[in-house]
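Residue numbers (the UniProt record's numbering), protein chains in the order written: chain P, 1 to 533; chain Y, 1 to 533.
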């Protein structure tokens with residue numbers, strides 16, 4: 001593909017992308033292909049001679065599009081959003097054009113320096129405490145995902161805890177051999193912590209780092225971790241000879257967007273740290289909800305997690321920057337580089353050695369990196385603070401409209417958590433015709449029927465494919481509650497889309513209710529006939 | 001930015017990218033900015049209201065370009081190449097447009113299915129044994145970088161070794177508590193291995209996984225790991241109570257593109273495994289040189305590493321696919337998912353549960369993933385097998401031309417390793433005028449002077465910035481050799497570029513030699529004058 005062929009191909013690709021976005025509402029949001037669909041459409045192997053772009057491009061609509069779930073559709077109300085935007089796409093075009101491994105400053109100074117500048121800007125935009133910015137001992141870095149960020153901080157937390165332990169033992173006069181022996185034993189006892197609502201990536205990070213992971217149960221209906229629960233867990237671990245070294249606290253949990261009680265967690269950690277030089281690393285996971293910190297009404301929140309060692313949110317979720325752009329901030333960058341830096345001869349240069357430059361490879365797991373700050377720079381400049389605030393505000397308005405609708409429809413729905421950050425989590429009531437009492441049997445039968453109906457409604461909605469939602473299970477065993485999560489954060493989402501979603505869901509509820517009542521009537525009839533025999 | 005503004009902006013961006021590529025030879029390949037240059041050019045903060053694309057785009061040439069090192073320039077002869085291409089850029093445009101977190105099959109089936117198909121195709125293109133493809137128990141997955149791939153396999157190797165150990169102890173009738181105690185001790189003794197020429201990412205992977213790492217010394221001038229050396233190292237570790245569980249073997253080392261002796265390594269491992277059910281995981285790191293396996297003359301090589309557990313090469317180095325596209329193949333995909341799978345309720349769906357689909361999140365560290373197979377698909381279809389072969393062949397021809405030139409110039413240069421995969425590693429001889437004997441003093445003085453001259457030549461070349469090369473240090477202490485690495489693999493590189501590089505380097509040699517001789521003459525004169533006093 002020469003330059004003029006590329007110009008033609010790229011123009012055609014841009015037309016296709018624009019058409020895709022302009023008409024995305026008309027596409028079935030959820031793909032309905034069956035596993036293995038693509039193998040049947042694509043001839044095996046690589047062609048011997050090159051193909052024309054027209055032939056390649058034709059396959060995008062014909063073969064790829066049917067297998068896509070359209071995350072940019074306003075009817076995508078599942079998981080959390082994964083925003084893309086035109087300025088973001090432009091950023092990745094240049095990133096591709098300027099391709100370089102960028103593992104140190106010298107590889108392309110602009111890649112490192114723009115990242116530092118952009119992350120400081122974004123940190124201020126979300127009102128982060130100054131400690132997390134680059135002027136002092138902290139700073140920000142772009143990671144691929146929040147889960148990758150958590151893997152990084154768990155490894156750093158583990159190594160910091162081991163280093164602090166070694167220092168303590170050395171001060172006590174232990175020999176190197178004795179210290180090594182004790183480190184070995186300690187590794188086996190280290191425990192990473194998160195609440196039962198924290199994202200599973202903490203568990204995965206612990207698996208990668210080779211340490212244990214335990215969860216702390218939160219209260220049903222609250223779903224937020226408190227200092228009291230943490231203190232109790234620490235005591236429990238200590239009683240079992242185990243050693244907590246890391247905690248994921250969450251701003252906006254995945255199931256319900258609950259926020260842990262940062263002030264009481266801060267106090268609990270301060271009390272714990274009063275008696276030991278061995279510090280538990282606290283990471284604030286705000287992967288999705290962190291974007292809401294651009295709003296003035298949330299500007300006070302970051303001060304409440306100033307005690308944390310690290311903070312992370314994904315611009316690629318709710319802040320109009322196409323995947324991947326996960327912003328990780330640390331209070332002390334040395335904590336990362338102590339755990340992740342190796343500097344072999346062929347990566348050495350006068351700039352790195354001077355300490356004047358940041359080598360982000362020492363802040364992350366991979367060596368090489370893309371020029372990801374370009375897209376974040378384009379997005380923040382192209383939208384401006386006002387544009388980014390307007391986008392998040394619009395989603396919040398969508399969420400509030402949906403809350404209003406379900407609150408006004410107590411016959412069909414019960415909110416199972418306080419709506420937060422544009423997310424509503426609702427369960428569907430059993431059909432009123434069945435007259436299942438809410439409170440008898442401790443609500444067990446009601447919950448069971450509600451869970452069944454909610455699951456059937458969720459499956460029906462996704463089978464229809466007019467909107468895409470996910471369901472979640474809160475609590476355990478008899479107490480567990482199945483609920484539908486509805487969150488509209490796509491770039492083009494409007495309040496009317498959530499009104500439509502309410503209609504689609506309600507139609508599904510009515511259909512499932514009718515089936516349930518019919519089944520119950522048939523069962524009752526059968527019962528009567530059996531008794532008559 | 002609305003659709004019509006995007007069309008205009010994207011057309012302007014495409015024109016700029018085409019102009020950048022068409023005239024890249026004219027740009028100074030190595031950036032000459034000083035640390036902190038960008039802070040002075042960019043006003044702090046995010047603008048309150050959005051800016052026009054024209055204003056943003058203007059800053060690319062004015063502010064970003066000066067801080068770029070141009071990896072696509074034919075004058076970029078440093079590190080290893082990091083190819084970009086037009087079809088690759090188109091792939092990332094669509095990947096951005098279709099942005100989705102893609103952490104499981106259902107998120108967008110096309111993302112998963114195309115990756116499996118493309119990696120099978122690419123695996124066949126580089127003549128991988130069938131065991132590494134998806135039809136059996138193995139398969140390929142796109143990772144961000146070779147270092148990330150190595151982190152993944154080290155974690156998987158560690159967990160496989162621990163699982164095999166646990167199974168052995170359970171079979172011996174040990175209790176759960178006893179087994180846990182022994183696992184804890186074993187973790188502290190596990191050692192990941194690589195030769196002294198293996199990439200530093202093995203060391204970093206071991207740091208992340210929380211295990212030891214040791215290197216095995218190779219012979220000077222050979223730089224390849226042999227079975228004999230591995231066997232000796234295993235015996236040494238066992239004598240010290242340590243336990244090897246993982247080995248990085250390399251096809252094309254970073255310093256000299258040496259290739260480990262796979263047949264003898266295979267035999268050594270087979271001998272070791274004959275007496276134990278606990279398997280050492282061997283990973284073949286072919287990050288750069290793997291691309292050369294598209295050439296028919298190397299098609300026999302992959303059969304020699306059929307014994308390995310995993311293999312990795314980067315399409316984003318030498319195969320025209322913009323970063324990131326690192327292809328990792330494993331013999332047994334269960335080894336990865338056993339180590340990396342967690343499946344919480346909100347990530348469950350009927351397709352994942354059925355086992356019919358691949359959820360690549362369980363093959364990697366991060367949860368979310370981009371649609372990276374698109375660019376690999378576009379590149380392989382657009383170039384065809386012939387186009388990819390022609391690209392690698394052209395680089396090989398460049399390398400051979402450079403080899404011919406330095407071999408014909410024994411006055412200036414000595415090749416310090418067998419040229420391989422387009423890489424030449426040369427040291428510069430001391431000025432002939434100084435008449436330093438090559439062999440006296442075991443060659444110590446000659447090496448010392450050669451190293452000094454080589455370092456000065458390398459620094460001078462990169463200061464001039466007509467071409468960009470990296471230097472490397474082989475061996476240790478008195479024996480160490482400083483050498484210049486020259487490898488031309490950029491998409492537009494021609495044999496004439498390497499002829500030019502030879503001229504540029506030779507001019508630098510002559511200039512440094514003249515300085516050295518002048519300094520030596522001045523020193524001698526001073527000596528004479530001092531003696532005269």
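C-beta atoms are modelled at their ideal positions from N, C-alpha and C, and glycine is treated no differently.
Item to complete: Please go through the stretch 155-243 of chain P and give each complete beta strand (DSSP E) segment of 3 or more residues, from N-terminal end onward.
Response: 190-195 and 212-216
Worksheet item: In the DSSP assignment, what are the bridge partners of residue 256/P?
Response: Walking along the first chain from the start, residue 256/P turns up at place 256. For residue 256/P, which the question treats as bridged, DSSP gives no partner whatsoever.
Item to complete: Compare the Cα-Cα distances from residue 443/P to each of 478/P, 297/P, 466/P and 410/P and report the closest residue.
Response: The sequence position of residue 443/P within the first chain is 443, counting from 1. Selected option, being the one with the closest Cα: 478/P.
Worksheet entry | For residue 514/Y, the three-state DSSP class (helix, strand or coil) | In the second chain, counting from the first residue as 1, residue 514/Y sits at position 514. Residue state, collapsed to three classes: helix.
Item to complete: Indicate whether residue 201/Y and residue 286/Y have their beta-carbon atoms separated by less than 8 Å.
Response: The residue given as residue 201/Y occupies position 201 in the second chain. The residue given as residue 286/Y occupies position 286 in the second chain. Residue 286/Y sits away from residue 201/Y, with the two beta carbons spaced by 8 Å or more.
Discussion item. Can you find the residues in the same chain that come closer than 6 Å, C-beta to C-beta, to residue 362/Y, ignoring five residues on each side of it along the sequence?
Written reply: To locate residue 362/Y, count along the second chain from 1; it is residue 362. So the qualifying residues of the chain are 337, 340 and 341.
Worksheet item: For residue 397/Y, which residues of its own chain have a beta-carbon under 7 Å away from its beta-carbon, when the five flanking residues on both sides are left out?
Response: Numbered from its first residue, the second chain carries residue 397/Y at position 397. Counting only Cβ-Cβ distances below 7 Å, and skipping sequence neighbours, we find 495.
Discussion item. Taking 8 Å as the threshold (beta carbon to beta carbon), is residue 315/Y in contact with chain P?
Written reply: Position 315 of the second chain, counting from 1, holds the residue named residue 315/Y. Answer no: the Cβ-Cβ gap between residue 315/Y and chain P never drops below 8 Å.
Practice prompt. Could you work out which residue in 66/P, 262/P and 244/P is closest to residue 273/P when comparing CA atoms only?
Written response: Within the first chain, numbered from 1, the residue matching residue 273/P stands at position 273. For the residues 66/P, 262/P and 244/P, the minimum Cα distance to residue 273/P belongs to 244/P.
Worksheet item: Does DSSP put residue 285/P in a helix, a strand or coil?
Response: Residue numbering aside, residue 285/P sits at position 285 when the first chain is read from its first letter. Reduced to three states, the DSSP call for residue 285/P is strand.
Item to complete: Could you check the C-alpha separation between residue 131/Y and residue 16/P for me, to the nearest Å?
Response: In the second chain, the residue the question calls residue 131/Y occupies position 131. In the first chain, the residue the question calls residue 16/P occupies position 16. Between residue 131/Y and residue 16/P, the C-alpha separation is close to 39 Å.
Worksheet item: Given a threshold of 16 other Cβ atoms within 10 Å of its Cβ, counted over all protein chains shown, does residue 187/P qualify as buried or as exposed?
Response: Within the first chain, numbered from 1, the residue matching residue 187/P stands at position 187. Residue 187/P comes out buried.
Worksheet entry | the stretch 474-502 of chain Y: positions lying closer than 7 Å to chain P by Cβ | none
Discussion item. Is the separation between the beta-carbon of residue 415/Y and that of residue 502/Y shorter than 8 Å?
Written reply: Taking the second chain and counting its residues from 1, one reaches residue 415/Y at position 415. Taking the second chain and counting its residues from 1, one reaches residue 502/Y at position 502. Their beta carbons are not under 8 Å apart, which means residue 415/Y does not touch residue 502/Y by this criterion.
Worksheet item: Using the beta-carbon count (16 or more within 10 Å), is residue 364/P buried or exposed?
Response: The sequence position of residue 364/P within the first chain is 364, counting from 1. When all chains shown are included, residue 364/P counts as buried.
Worksheet item: Between residue 91/Y and the rest of its own chain, which residues show a CB-CB distance below 6 Å, the 5 nearest in sequence each way excluded?
Response: Within the second chain, residue 91/Y is the residue found at index 91, counting from 1. Cβ within range, chain order: 374, 375 and 378.
Discussion item. Looking only at its chain, what residues have a beta carbon closer than 7 Å to the beta carbon of residue 86/Y, apart from the 5 residues adjacent to it on each side?
Written reply: In the second chain, residue 86/Y corresponds to position 86, counting from 1. There are no such residues.
Item to complete: Return the Cβ separation of residue 148/Y and residue 310/Y in integer angstroms, given the expectation that the two are a contact with Cβ distance under 8 Å.
Response: Taking the first residue of the second chain as 1, we reach residue 148/Y at position 148. Taking the first residue of the second chain as 1, we reach residue 310/Y at position 310. At roughly 13 Å, the Cβ-Cβ gap does not stay under 8 Å, so residue 148/Y and residue 310/Y are not in contact.
Discussion item. Could you compute how far the alpha carbon of residue 490/P sits from the alpha carbon of residue 175/Y?
Written reply: For the purposes of this step, residue 490/P is taken as the residue at position 490 of the first chain. For the purposes of this step, residue 175/Y is taken as the residue at position 175 of the second chain. Using only the alpha carbons, I get a separation of about 53 Å.
Item to complete: Taking only the alpha-carbon atoms, compute the straight-line gap between residue 223/Y and residue 395/Y and give it to the nearest angstrom.
Response: Mapped onto the second chain, residue 223/Y falls at position 223. Mapped onto the second chain, residue 395/Y falls at position 395. Inter-residue distance for residue 223/Y and residue 395/Y is about 23 Å (C-alpha atoms, whole angstroms).
Worksheet entry | Proximity of residue 212/P and residue 206/P at Cβ, strictly below 8 Å | Translated into positions along the first chain, residue 212/P becomes position 212. Translated into positions along the first chain, residue 206/P becomes position 206. The answer is yes: Cβ separation under 8 Å.
Worksheet item: Closer than 8 Å, CB to CB, is residue 69/P near chain Y or not?
Response: Working through the first chain from its first residue, we reach residue 69/P at position 69. It does; some Cβ of chain Y falls within 8 Å.
Discussion item. Can you look up residue 332/P in the DSSP assignment and give me helix, strand or coil?
Written reply: On the first chain, position 332 is the one that residue 332/P refers to. If DSSP states are grouped into helix, strand and coil, residue 332/P belongs with coil.
Item to complete: Report yes if the C-beta distance between residue 423/P and residue 492/P is below 8 Å; otherwise report no.
Response: Here residue 423/P corresponds to residue number 423 of the first chain, with the count starting at 1. Here residue 492/P corresponds to residue number 492 of the first chain, with the count starting at 1. No, these two residues do not count as a Cβ contact at 8 Å.
Worksheet entry | Pick from 181/P, 225/P and 167/P that is closest to residue 195/P, judged by C-alpha positions | By one-based count along the first chain, residue 195/P stands at place 195. When only C-alpha atoms are compared, the closest one is 225/P.
Worksheet entry | Three-state secondary structure assigned by DSSP to residue 150/P | The count along the first chain starts at 1 and reaches residue 150/P at position 150. DSSP places residue 150/P in helix when its eight states are reduced to three.
Worksheet item: Which residues mark the beginning and the end of the alpha helix (DSSP H) in which residue 381/Y is found?
Response: Taking the second chain and counting its residues from 1, one reaches residue 381/Y at position 381. Counting along the chain, the alpha helix (DSSP H) containing residue 381/Y begins and ends at 373-407.
Item to complete: Use the C-beta contact count for residue 312/P: other C-beta atoms within 10 angstroms, 16 or more gives buried, fewer gives exposed.
Response: Here residue 312/P refers to the residue found at position 312 when the first chain is read from its first residue. Under this definition residue 312/P is a buried residue.
Practice prompt. Report whether the distance from the Cβ of residue 509/P to the nearest heavy atom of the ligand ATP is below 7 Å.
Written response: Ligands displayed in this structure: none; no statement on the ligand ATP is therefore possible.
Item to complete: Give a yes or no on whether the C-beta atoms belonging to residue 83/P and residue 321/P are separated by under 8 Å.
Response: Here the question's residue 83/P lines up with position 83 in the first chain. Here the question's residue 321/P lines up with position 321 in the first chain. Yes; because the gap between Cβ atoms is below 8 Å, this pair is in contact.
Worksheet item: With a cut-off of 8 Å, does the C-beta of residue 72/Y fall near any C-beta of chain P?
Response: Locating residue 72/Y in the second chain gives position 72, counting from the first residue. Chain P, which has a Cβ nearer than 8 Å to the Cβ of residue 72/Y, makes this yes.
Item to complete: Taking the CB atoms as reference points, tell me whether residue 93/P and residue 93/Y lie closer together than 8 Å.
Response: In the first chain, the residue the question calls residue 93/P occupies position 93. In the second chain, the residue the question calls residue 93/Y occupies position 93. Inclusion of residue 93/P and residue 93/Y in the CB contact set at 8 Å is warranted, their separation being smaller than that value.
Worksheet item: What in chain P is Cβ-close to residue 48/Y, meaning under 9 Å?
Response: To locate residue 48/Y, count along the second chain from 1; it is residue 48. Near residue 48/Y (Cβ distances below 9 Å), the residues of chain P are 384, 385 and 386.
Discussion item. Quick check on the DSSP output: the alpha helix (DSSP H) that includes residue 534/Y runs from which residue to which?
Written reply: Coverage of chain Y is limited to positions 1 through 533, which leaves residue 534/Y absent and any answer about it impossible.
Worksheet item: What runs of the beta strand (DSSP E), each 3 residues or longer, lie entirely inside the stretch 444-523 of chain P?
Response: 470-474 and 481-487
Item to complete: Excluding the 5 residues preceding and the 5 following residue 177/P in the sequence, name in chain order all residues of the same chain whose CB lies nearer than 8 Å to its CB.
Response: In the first chain, residue 177/P corresponds to position 177, counting from 1. By the criterion of a C-beta distance shorter than 8 Å, residue 177/P is surrounded by no residue of its chain, once the five residues flanking it on both sides are discounted.
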